[in-house]
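Below: the structure, in structure tokens.
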Amino acid sequence: MDYLEFYHLKEIPFANAPDLRFYYDGYQYGYTEERIIHVIDQMGGLAVIIGGMGMGKSILARHLLESLTGKGIEYECGLMIIVHTAITASWLLKKIAIQLGVTDPADEKVNLITQLFNRLIEIQEEGRKAVVLIDEANMLQTREIMEEFRGLLNLEVPGKKLVTFVFFGMPELDEYLKLDEPLRQRVALRIALKQFSEEATKEYILHRLKRANSEKSMSVFPEDVLKLIHIYSKGTPRLVNTICDNALLEGFLKREEKITPQIIEQVSGELMLKELLPEEIQDRKPKKETKISPVG
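Under UniProt numbering, the first residue of the sequence shown carries the number 1, and numbering increases by one thereafter.
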């Protein structure tokens, strides 16, 4: 037996890897996605989504990609994930061209720009919109790269841009955009993701439990426990997942049918989350000790 069986779960509900089956469109995410799609439909040029660590930027980007590609032939859409800061403007330009369907992209920049422009015209004449989503855009840290994006946004026909970029990145992305002021002034939409409210934390947890096919386990996290999870996670989705996953394992090991406040305080302490809170919360003591039963 493991904690999935013990708590009547069919899947792990609080894994931190982006999984669209568990996408939560409440609180701010559905609203944010609708505003991004509006910018794309208007061919606004550049949208910027800012969020700290663990705020759900990557799963939002993937869900947006799925939403756009699910609309048939209306969009030509690609997603790029920037994994390090050592990329060059020429590498980036070629990858964007590939994302938008340029076949056999040229090595020489002038020829590549021509290929990309012709491809964008094709997409536009087909009545579609070209969109490139860029996750971890805070890795784009040079003036040369920002100038390249500005140049791409200058590819247009009378009265209409030919491509829209959506950047998803950490707060420092704002500073890198300032490397090229004309590009920063082309930002048509900027949204900063906020940490969950207490109510949103509760909704998020119950949503993921339900997605894990867990109608029997919707009450495994009582109200007082949900409140503690919000306090220790500070409403950060990734930390909510980590606390809940650890709590389910600890609850299983202790054979607790419901997660207790003591379990949340224990796992939050082990994750060193208490150290980030006010002293009056750090000093909370579990009300009782719970013995650990052998597994088996």
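Just so it is clear, CB atoms sit at the ideal spot from N, CA and C, and this is done for glycine as well. Source: prediction; values computed, not measured.
query = Can at least three beta-carbon pairs, one atom from the stretch 74 to 86 and one from the stretch 99 to 110, be found at a separation below 8 Å?
reply = yes
key: DSSP state of R186 mapped onto helix, strand, coil   = In the sequence shown, the residue the question calls residue 186 occupies position 186. Of the three classes helix, strand and coil, the one that applies to R186 here is coil, per DSSP.
query = How long is the line joining the alpha carbons of E185 and T32, rounded to whole angstroms?
reply = As a first step, residue 185 must be located in the sequence shown, where it is residue number 185. As a first step, residue 32 must be located in the sequence shown, where it is residue number 32. Reading off the sequence shown, one finds Gln at residue 185, where the question assumed Glu. Distance between the alpha carbons of Q185 and T32 is about 20 Å.
ask   = Under three-state DSSP, which class holds E5?
value = Within the sequence shown, residue 5 is the residue found at index 5, counting from 1. E5: helix per DSSP, three-state reduction.
For V132, the residue or residues it bridges with in DSSP = Numbered from 1 along the sequence shown, position 132 holds the residue referred to as residue 132. DSSP output for V132 lists G78 and F165 as bridge partner(s).
ask   = Are at least three pairs of beta-carbons, each pair with one atom in the stretch 240 to 251 and one in the stretch 3 to 13, less than 8 Å apart?
value = yes
task = Using three-state DSSP, classify V220 as helix, strand or coil.
result = Position 220 of the sequence shown, counting from 1, holds the residue named residue 220. Correct three-state label for V220: coil.
ask   = When we look at the beta-carbon of A212 and count the other beta-carbons within 10 Å, is it buried (16 or more) or exposed?
value = Locating residue 212 in the sequence shown gives position 212, counting from the first residue. So A212 ends up on the buried side.
inquiry  = Taking the alpha-carbon of residue 309 as reference, which of E199, G269, E136 and E108 has the nearest alpha-carbon?
reply    = This structure cannot settle anything about residue 309, because the visible part of the chain is limited to 1 through 296.
key: Distance between L173 and G51 (C-alpha atoms, nearest Å)   = What you label residue 51 is simply residue 51 of the sequence shown in a count that begins at 1. What you label residue 173 is simply residue 173 of the sequence shown in a count that begins at 1. Cα to Cα, G51 sits roughly 10 Å from L173.
query = What did DSSP end up calling E198 once you bin it into helix, strand or coil?
reply = Along the sequence shown, read from residue 1 onward, the residue named residue 198 stands at position 198. Three-state DSSP puts E198 in a helix.
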